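See below for the structure under consideration.
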Amino acid sequence: MARSNFSVLTILSVTLLLPVLSLSFSPDSPSDRRLLVLLDDLSLKSSLSIFFNSLKSRGFDLDFKLADDPKLALQRYGQYLYDGLILFSPSIERFGGALDLAAVLDFVDSGHDLLIAADNSASDLIKSVATECGVDFDEDPSALVIDHKSYAVAGTEGDHTLIAADDFIDSDALLGKNKIEAPVLFKGIAHSLNAANTLVLKVLSASPSAYSANPSSKLSSPPSLTGSSISLVSVIQARNNARIMITGSLDMFSNRFFRSSVQKAGSPKKYDKSGNEQFVTELSKWVFHERGHLKAVNLRHNKAGETDEPAMYRIKDDLDFSVEIYEWSGKSWEPYVADDVQVQFYMMSPYVLKTLSNDKKGLYHTSFKVPDVYGVFQFKVEYNRLGYTSLLLSKQIPVRPFRHNEYERFITAAFPYYGASFTMMAGFFIFSFVYLYHK
Numbered sequence: 000m001a002r003s004n005f006s007v008l009t010i011l012s013v014t015l016l017l018p019v020l021s022l023s024f025s026p027d028s029p030s031d032r033r034l035l036v037l038l039d040d041l042s043l044k045s046s047l048s049i050f051f052n053s054l055k056s057r058g059f060d061l062d063f064k065l066a067d068d069p070k071l072a073l074q075r076y077g078q079y080l081y082d083g084l085i086l087f088s089p090s091i092e093r094f095g096g097a098l099d100l101a102a103v104l105d106f107v108d109s110g111h112d113l114l115i116a117a118d119n120s121a122s123d124l125i126k127s128v129a130t131e132c133g134v135d136f137d138e139d140p141s142a143l144v145i146d147h148k149s150y151a152v153a154g155t156e157g158d159h160t161l162i163a164a165d166d167f168i169d170s171d172a173l174l175g176k177n178k179i180e181a182p183v184l185f186k187g188i189a190h191s192l193n194a195a196n197t198l199v200l201k202v203l204s205a206s207p208s209a210y211s212a213n214p215s216s217k218l219s220s221p222p223s224l225t226g227s228s229i230s231l232v233s234v235i236q237a238r239n240n241a242r243i244m245i246t247g248s249l250d251m252f253s254n255r256f257f258r259s260s261v262q263k264a265g266s267p268k269k270y271d272k273s274g275n276e277q278f279v280t281e282l283s284k285w286v287f288h289e290r291g292h293l294k295a296v297n298l299r300h301n302k303a304g305e306t307d308e309p310a311m312y313r314i315k316d317d318l319d320f321s322v323e324i325y326e327w328s329g330k331s332w333e334p335y336v337a338d339d340v341q342v343q344f345y346m347m348s349p350y351v352l353k354t355l356s357n358d359k360k361g362l363y364h365t366s367f368k369v370p371d372v373y374g375v376f377q378f379k380v381e382y383n384r385l386g387y388t389s390l391l392l393s394k395q396i397p398v399r400p401f402r403h404n405e406y407e408r409f410i411t412a413a414f415p416y417y418g419a420s421f422t423m424m425a426g427f428f429i430f431s432f433v434y435l436y437h438k
């Protein structure tokens, strides 16, 4: 009886564990994922409800918790419980449970996504996470972004800390194909990009007239962050294709900013609705791999006129190469169409570099002749494009020289040598004849 109970408990434990294990990120279904949302105050669920409802409507499962919850954990039994982490807890000094700075960084290093929103109450912990990702917030805890030219007219109170920003990055992969017409309302702290980190990008930049300072005190020295060096929203795509979004304004996600009208100082045009909702929604689609997520399958190569993939090639063989590339649309895989995908036939350095043609249905292909060099080569497709996950595929193949019986009987290029040999023999015969019989 005890043994039977043990078996039932074992089956129940495995059954309960299966849903947890199934939550890990799957490249074949990038949007079927669970997000952990850490908040300073649970009241933020209502003040940021439009953004959260947008995520839910797109199929995300949100798990809301306080940032100091003593039961916090990102993984269990060696498996991650979540595929993305949203930190809307700028003032938290120390995470609860098993979560700390190292755990967050390990989460990203494992290929998971991160969204951070700070404000003027940002703690050293949140700033440390951002610094590790290549972003440095202003060290002055009382500083805000101030702009006396690009402020929002309706919200101005004399300090011009409510910014109407419209300097967006030019990328359909990041912000979608529909242009954002209205400016984005921003009220928060500035950050700059670490020059040593080549992976971080500005998505929304401050205007040349902006600077970071305490709005309630006079400037005693020039501000350290000024003009276009100030980034309002930045993104990072790691080498493992994990994606990170960092901004210094939690208010940017609020219902109030989503619904607010906006008019930029100096502009006669007034918009009934700010660009916040469109901007945040489109950028979150990129962060959580609903757009710009590529996969490559069916890398194939064969001799021209054949269909089977050979074990090796001979120098000067004609070959065909193909690969299929698809992009995740948020619901299904669609053919990816581009004219800059290349293949390298590589040994220490590329001997052949060809741009692939595509049939508009996801198939990329080309043909070329194997170089007159034998050794171990690789077919290599290395694709890096702004806003898209990087692709790196390779397949190894040896290339052999001609066998002794595969050369031509008489090589055209060797005719001068053949002629020289027979000429020498004829000359020797004539010399011998003359020398022997004409003394």
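Counting along the sequence shown from 1, when you hit position 128 you're at 127 in numbering that gives the first Met the number 0, and nothing is skipped either side. From the three backbone atoms N, C-alpha and C, an ideal C-beta is built for every residue, glycine too. Note that the structure is predicted; figures quoted are calculated from it, not measured.
Closest by CA to residue i, which one among the options?
i	options	result
D316	S260, Q262, E405	E405
E281	W332, K176, L218	K176
L293	T306, N239, A189	N239
S206	S215, D40, V232	V232
Q343	L352, A194, D108	L352
G386	A102, M251, K284	K284
I245	I49, S88, A129, F94	A129
I91	Y416, A66, D82, Y417	A66
F376	F401, M347, K368, Y382	M347
Y373	T365, R399, N383	R399
L54	L362, G304, G329	G329
A116	L47, D62, G95, S149	L47
L198	S223, F94, R242	R242
Q277	F167, Y210, K269	F167
K263	W332, F185, D112	F185
Per DSSP, what kind of secondary structure is residue i in: helix, strand or coil?
i	result
A97	coil
I429	helix
F24	Interpretation of F24 is limited by its pLDDT of 46, a score under 50 that renders its predicted location unreliable; no figure is taken from the coordinates.
Y434	helix
P89	coil
K394	strand
K368	strand
L8	Low per-residue confidence applies at L8: pLDDT is 39, beneath 50, and the placement is therefore not dependable, though the value from the model is reported in the following sentence. Residue state, collapsed to three classes: helix.
Y79	strand
L174	helix
F421	helix
F278	helix
E289	coil
L54	helix
D108	helix
S45	helix
D123	helix
Should residue i go down as buried or exposed, given a rule of 16 or more other Cβ atoms within 10 Å for buried?
i	result
L37	buried
L440	Residue 440 lies beyond the stretch modelled for the chain, which goes from 0 to 438, so this question has no answer here.
F428	exposed
Q236	buried
V296	exposed
I188	buried
H288	buried
V433	exposed
A164	buried
A425	exposed
F94	buried
Would you grab the beta carbon distance between residue i and residue j for me? Rounded to a whole angstrom, and I think it's under 8 Å.
i	j	result
F252	F50	5 Å
V322	K359	Actually they are not in contact, since the Cβ atoms of V322 and K359 sit about 15 Å apart, beyond 8 Å.
F136	H190	5 Å
Y76	S109	Not confirmed; about 15 Å, so no contact.
L41	I85	Contact doesn't hold; Cβ gap of about 14 Å is too wide.
I162	A212	Contact doesn't hold; Cβ gap of about 13 Å is too wide.
R33	D68	With a Cβ gap of about 16 Å, R33 and D68 do not count as contacting.
Only counting runs of 3 or more residues, tell me where the beta strand (DSSP E) segments fall wholly within the region 180 to 268, in order along the chain. Uninterrupted beta strand (DSSP E) stretches at least 3 residues long and entirely within the region 180 to 268 occur at 183 to 185, 190 to 192, 199 to 204, 209 to 212, 230 to 236, 242 to 246, given in chain order.
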